[in-house]
Amino acid sequence: DSQAPQWLADSSLATQPPYAQDVLPVWASGKDPLGRIDATTLKANLIGPSGTTDVTSKVSLVTSDGGATFQVTGDVNPLPEGSGYKLSLSVKDLAGNPASLSTSSFAIDRTVPVITLGMQDHFKTKVGHVELPVNIADASPISGTVTLNRAVAATFTEASQTARLALVEGHNVIIADAT
35 DSQAPQWLAD SSLATQPPYA QDVLPVWASG KDPLGRIDAT TLKANLIGPS GTTDVTSKVS
95 LVTSDGGATF QVTGDVNPLP EGSGYKLSLS VKDLAGNPAS LSTSSFAIDR TVPVITLGMQ
155 DHFKTKVGHV ELPVNIADAS PISGTVTLNR AVAATFTEAS QTARLALVEG HNVIIADAT
């Protein structure tokens, strides 16, 4: 048997988002039509900001069809915040042929964005418009809105932008939000 086991395409490792609060639960399956999986060779490694960690104890492998098909499940959470994470799985069949599967690089980010507005609260103006500088600090890509009087007045995806707002006479409520 010179054919390596094959991982099937539908795994949680393939769908891990690049920015998340936690790693998706581990789920992957594969087959070895010409051989049998050696369950003792399962390895799970997590590459992260502080190096590589063996997380094999947090996953399990179950075989069926006499070892010709296999499924790996588990949960490697919790992880500390940081970027450059990558999770990989590997297994061998009884002939020693290896099969590996890994995520793309991802970041764990649980810190809410910090929004700074370039204007003071409770200001008065005689003009019917205002330019509001908005700055957002976050480790993840930014998506935000500025709402004026309960209606979205501006959307943005940059860390620093200026919202141009058309005010109404009287009291105006401006809210900035980011995710």
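Counting in the working numbering, the sequence shown runs without a single skipped number right up to 213 at its last residue.
Ideal Cβ positions, reconstructed from N, Cα and C, are used throughout, including at glycine.
Thinking C-beta only, is residue j closer than 8 angstroms to residue i?
i	j	result
L135	W41	yes
V106	V57	no
Y53	A141	yes
L199	L151	no
A197	V168	yes
D109	K120	no
A173	D143	yes
A62	L123	yes
V148	I176	no
T90	L80	no
Per DSSP, what are the beta-bridge partners of residue i in this structure?
i	result
F140	Y119
Q40	K65
Buried or exposed: which applies to residue i, given that a residue is buried once 16 or more other Cβ atoms fall within 10 Å of its Cβ?
i	result
Q154	exposed
V207	exposed
I209	exposed
V186	exposed
G116	exposed
S45	buried
With DSSP as the reference, label residue i as helix, strand or coil.
i	result
D109	coil
G162	coil
L95	strand
L47	helix
T90	helix
G101	helix
Should residue i be flagged as near chain C, meaning a C-beta pair shorter than 8 angstroms?
i	result
I209	The structure shown contains no chain C, having only a single protein chain.
Please find out if some non-hydrogen atom of the ligand PLP comes closer than 7 angstroms to the beta-carbon of residue i.
i	result
A171	The ligand PLP is not among the ligands present in this structure, which contains no ligands whatsoever.
Are three or more beta carbon pairs between the segment 155-165 and the segment 126-133 nearer than 8 angstroms?
-> Note that the segment 155-165 does not touch the segment 126-133; fewer than 3 beta-carbon pairs, one per stretch, sit closer than 8 angstroms.
Is the segment 62-76 touching the segment 88-107, taking contact as three or more C-beta pairs under 8 angstroms?
-> At 8 angstroms Cβ cutoff, the stretches touch.
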